[in-house]
Amino acid sequence: MTAADIATRLAAPEPEARRVAAQEIAKLRGKDAATLLLRALADDDWRVRKEAARVAASVEPRAIVMEALVAALHDKLDIGLRNAAVEALVGVGQDVLALVVGELGKLDADGRKLAIEVLAGVPDPRGARALEGCLEDPDPNVRAAAAEALGRAGASGDEARELATAALVSALGDAEVGVVLGALEALAALEVRVPWASLERLARDPLLRRHALAAAARSREPAALAAMVAALGDPSATTAKDAALLLGDVLFEVDDDDVFARLRHAVPATEEALGRVRGWARGEDTRLRGAALAVLGLARSEVDVALLVDALADDAVAERAELGLTLFGQGAIAPAIAASRIALPAARGASISMMPMLALGHEADVVAQLRDALRSPLPDVLMGALKGVAMAGGGAELACVVPLATHPEARVAGLALSALFSIASRQPDAAVRLLAELDPTGPDAACGCVLIDAAARGGRRSTDADLAFLRTSLAQGAVLARKAALEALATLGGEAASEAVSFALADEEREVVLIAVRAMGRLKRPEPLERLAGGTDDPALVSAVLRALGDADPERFVAAALPLVSSPRPEIACAAVEAFGRVDGRAREDGLFAALDHTDPEVVKLALTEVARIPDARALARLGMCLDHAGADVRKLAGELLGNAGGAGAQALLRARLERERDPGVRAALTTALMTPPHESVE
Amino acid sequence: MRKSSLFGPSDIPLKPEEYRLLRDLFVAKIGVHFGIESRFSLERRLRERLSVLKLATFAEYYQYLRFHPLAMAEWEEAVELLTTNETYFFREDYQLRSFKNELLPLLAKEARVRKRLSIWSAGCSTGEEVYTIAILLKQSGLFVGWDLRVYGSDLSKRCVAAARKGIYGPASFRSTPDDVKREFFVMKPDGHHVADPIRSICQFGQMNLLDDDKARLLGRADVIFCRNVLIYFEAEKRRRTIDIFHERLYPGGVLLLGHAESLLNVSTAFELLHLKEDLVYRKPKAFALGAE
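Going down the list, the sequences are from chains A and B. Using my numbering, read the first sequence as starting at 374 and increasing by one per residue. Using my numbering, read the second sequence as starting at 3 and increasing by one per residue.
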């Protein structure tokens, strides 16, 4: 299509025809291309403008295009053109920086704000320095825009981040509220912990209070946390709610007794504030409700325990209610027992399961309640009791648990076996006494196997009778018993156990076979596993076999798994990739790097994800190579993973690719990756 | 002539070329051979699967078995429909008498050092043969204190699950002596349960006899029973199965086939052992059984 053709089509009445014509501009060469691009960027229809902005990076000659785009920032009348020009300039990337920075002094305030948008969208330390300068702009709107834009400085490297942080903290002293708000938001985006000393004054300003408190929540300083608690009684209900939400998040994210102690010391702020929190704890807003429940736990008022117990039955806030009870501690036990008697079964079960945690150090005190709950007809209560007994039960509780292992509700039965295992691990002698009463061919066979397993893991020497019990259960038991027998046989070890487990690889039930495979790995018996690895087209079995082979014999694992990485069946190759991801050392790299050459992008993506976990420079280089992969999905993921990896090397690879990348989706991913906050890098 | 387009799933015909495709697939995968006369039998047995899977032709069913992501599960279903599971306790009693009266004393003598006996019932269906063998071992009184293992394997998952349960109805007892029934079974409302001392020496697994990797899971066997199974196999698969049996037997170990089966034209690796009431095949001894 010639320039004239495109010009004609850009004048067509149909927006779609003009949009298609805009696409064609990228194929032109010469001055006409820039003129047509500007015309398309000024189109009335946003889809045409969007298309023109998208192709701008590919239009040549670039120098003329960039000049034309920068000139468009001066336009005072056509807002659509100016905005499209910003988008196009961002799409062009680093090459425009010098021009845009140079133009800052010539543009009016609106134009400078647009230029700041461009600088924010193109990650580069030069842009960050220019934005720092804009914080001194005489126009407060420009300063506010610059402050906000500096929130994206993380994409420009560590130096730019440091520069931005210092400039933004300094901007907190700006006389204009808008600038300070922009700076606070930018500091939040950079995940900077601002010292409370810099925030205290701002927290007194009604306009800035909410934002300053949000920053305070990140600082975790005692005075900042106390200010948040105090804000629960703020005259502004909005500020008080925000404070509750922030406190809820701090309580949920922090696992630090000192922080809890500080907060507990500060609560209750006032009875009025607590009344407000109780209201939220009964409200409709789930997030606020959860936060309020956690805060009530901190306040430790017995009247709130029923509220916390009831909330345990609501999945939306159960976790927060549990946190609240945990924060409340031992004092919650008696009121919780009282409250649970009239609570819904799920709440009753959940509160019972928490008793040992609440009674930490005095678990025996709650065993009577747990035993009582084990007689409940309600599955929810039984499950709670079993979780509690698993933590606090003694040898005497084993016999109470055994009948529940055959409960028709599978979750109850599963928890009963877990509880037996936990108790028997602590009380091996009691486990052995109970074992004598169990029949390896009967319904309690699984319990017997679990008791043998737990006692053996607890250090008890196994006997011939144990082995006979397990072999009989394995041969004749139900699926659950066979699985339990296999686990126990793997724990016992030895020739006879290996032989029994080996034949279970031919079990008619797949779930039993998978456990047998794992058991062979634990028994360090690689031979049958090696044969299975190459002889099945079941991806789940391949995965289990390779994992077990890795446990049994790492060398044989490599020999068996390496060919599977190149399997034409992607699901088999993925199973092998996952298996390599779990081993250590050079073998892992060999397997995963080989998978990066697979023809299926899904295999490559999985391998990439595993490679990203390897903390060395070779892995980083392979991630970097995948930035040039033919598949846009793969390049995008490589970019994201490099962003997570962090460090100067990763940033350099990302920036280099960003300069070449043309796919808008991948460009966006690379830009986001460049903005990822720094953490421990692999370099 | 039937027109498939006019018929519902219950009338879908198995065309000759589709029959050939399926027949060859079954031989390759599970070894079971269907002669030319079996076309309509195959059609009748598999038709319900087309209905369940909502397939319009047997050609589509062939493709499903070969390429569908759920093909593995469908093979289980096909096997259930294609295999014959008819059996009962103490079947072909003349052979069992020879086993009990002649072979077991021989094995007791030859394996006396290791005091361990391993017997494999290949193609055990619902388990009657396995438990019969276990009863004969107990009745012989020759193996007190020995480590006895009777392994049962079958291609059918449902058969193996039934065998593992060890609960049987009247049809399984058509030739079981009453005293045996009283001594080795426990009558319960849901049927006769195999007694625990017998069950405790029996183990079951799902196995394709053509899969030598699976066969190795058993370890070595002193005796292999494979009665009335190989008659359904195509010649080449029969040879391969016999090779696997040969490899799995101890030197001097014995293979028992059905009364209508022989290794003529199949294998020369075995030697004939003449018993009073039966002929069995023995893997030549490289050295004495008990010496290993």
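Idealized CB from N, CA, C, for every residue including glycine.
query                                                                                                                                                                  : result
Spatial neighbours of A/Gly506 within its chain, please: CB distance less than 6 Å, with the 5 preceding and 5 following residues excluded, ordered by chain position. : none
Under 9 Å between C-beta atoms, does A/Ser1054 make it to chain B?                                                                                                     : Confidence in A/Ser1054 is poor, its pLDDT being 41 and thus under 50, which makes the residue's placement too unreliable to answer from.
Hey, quick one: how far does the alpha helix (DSSP H) through B/Leu258 stretch, first residue to last?                                                                 : Looking at the DSSP string, B/Leu258 is not in any alpha helix (DSSP H); the run it does join, the beta strand (DSSP E), is 251–259.
Mind checking whether A/Ala691 and A/Ala723 have CB atoms under 9 Å apart?                                                                                             : yes
Looking only at its own chain, which residues have a Cβ that is under 7 Å from the Cβ of A/Ala482, when we skip the five neighbours before and after it?               : Asp512, Asn514, Val515
Got a sec? Which residues, its chain only, sit under 7 Å from B/Ser7 by beta carbon, not counting five neighbours each side?                                           : Unreliable positioning characterises B/Ser7 in this predicted model, as indicated by a pLDDT of 40, which lies under 50. A coordinate reading is not provided.
Exposed or buried, B/Gln141, counting other C-beta atoms within 10 Å across all chains shown (16 or more means buried)?                                                : exposed
CA-CA distance, A/Arg714 and B/Leu211?                                                                                                                                 : 60 Å
Quick one: what's B/Gly207 bridged to in DSSP?                                                                                                                         : B/Ser155
What residues in the segment 843–864 of chain A bring their beta carbon closer than 7 Å to a beta carbon of chain B?                                                   : Thr845, Ala848, Gln849
Can you look up A/Ser1054 in the DSSP assignment and give me helix, strand or coil?                                                                                    : Caution applies to A/Ser1054, whose pLDDT of 41 falls short of 50 and renders its modelled position unreliable; the model cannot decide the point.
Span of the beta strand (DSSP E) holding B/Glu273?                                                                                                                     : 273–276
For the segment 192–211 of chain B, list every residue whose C-beta sits within 8 Å of some C-beta in chain A, in sequence order.                                      : Asp198, Arg201, Ser202, Cys204, Gln205, Phe206, Gly207, Gln208, Met209
Less than 9 Å between the beta carbons of B/Asp187 and B/Tyr170, yes or no?                                                                                            : According to the sequence shown, residue 187 of chain B is Phe rather than Asp. Going by C-beta atoms, B/Phe187 is nearer than 9 Å to B/Tyr170.
What whole-angstrom Cβ distance do A/Ala1018 and A/Ala985 have, given they're in contact under 8 Å?                                                                    : 6 Å
In this structure, how does DSSP classify B/Leu16 when only helix, strand and coil are distinguished?                                                                  : coil
Are any of the Cβ atoms in chain A nearer than 9 Å to that of B/Asp213?                                                                                                : yes
If you measure beta-carbon to beta-carbon, which residues of the segment 135–160 of chain B are closer than 9 Å to chain A?                                            : Asp149, Arg151, Tyr153, Ser155, Asp156, Ser158, Lys159, Arg160
Could you spell out where the alpha helix (DSSP H) holding B/Tyr96 opens and where it closes?                                                                          : 95–100
I'd like to know whether the C-beta of B/Met189 is nearer than 9 Å to at least one C-beta of chain A.                                                                  : no
Helix, strand or coil: how does DSSP classify A/Arg942 here?                                                                                                           : coil
For a contact defined as C-beta to C-beta under 8 Å, what are the partners of A/Glu872 on chain B?                                                                     : Gly221
Of all the CB atoms in chain A, is at least one closer than 9 Å to the CB of B/Val231?                                                                                 : no
Check for me: the beta strand (DSSP E) holding B/His195 runs from which residue to which?                                                                              : 193–196
Taking C-beta pairs closer than 7 Å, name the residues in chain A that B/Ala173 reaches, listed in chain order.                                                        : By Cβ distance, chain A contributes nothing, its closest Cβ being about 22 Å from B/Ala173, past 7 Å.
Examine chain B for any beta-carbon lying closer than 9 Å to the beta-carbon of A/Ser875, and answer yes or no.                                                        : yes
Return yes when the Cβ of A/Leu508 is within less than 9 Å of the Cβ of A/Ala548, no when it is not.                                                                   : no
Looking only at its chain, what residues have a beta carbon closer than 7 Å to the beta carbon of B/Leu274, apart from the 5 residues adjacent to it on each side?     : Leu281, Tyr283
Hey, is B/Val81's beta-carbon within less than 9 Å of any beta-carbon in chain A?                                                                                      : no
Output, in chain order, the set of chain A residues within a Cβ distance shorter than 8 Å of B/Arg116.                                                                 : Neighbours of B/Arg116 on chain A: none; closest Cβ ~13 Å, over 8 Å.
Does the distance from the CB of B/Ile32 to the CB of B/Leu84 come in under 9 Å?                                                                                       : yes
Give a yes or no on whether the C-beta atoms belonging to B/Gly129 and B/Arg184 are separated by under 9 Å.                                                            : no
Ends of the beta strand (DSSP E) at B/Trp122?                                                                                                                          : 118–124
Taking buried to mean at least 16 other C-beta atoms within 10 Å of its own C-beta, is A/Trp653 buried or exposed?                                                     : buried
Which value, in whole angstroms, describes the spacing of the CA atoms of A/Ala561 and A/Leu717?                                                                       : 41 Å
Give the single residue among B/Thr89, B/Val29, B/Glu249, B/Val182 whose Cα lies nearest to the Cα of B/Val225.                                                        : B/Glu249
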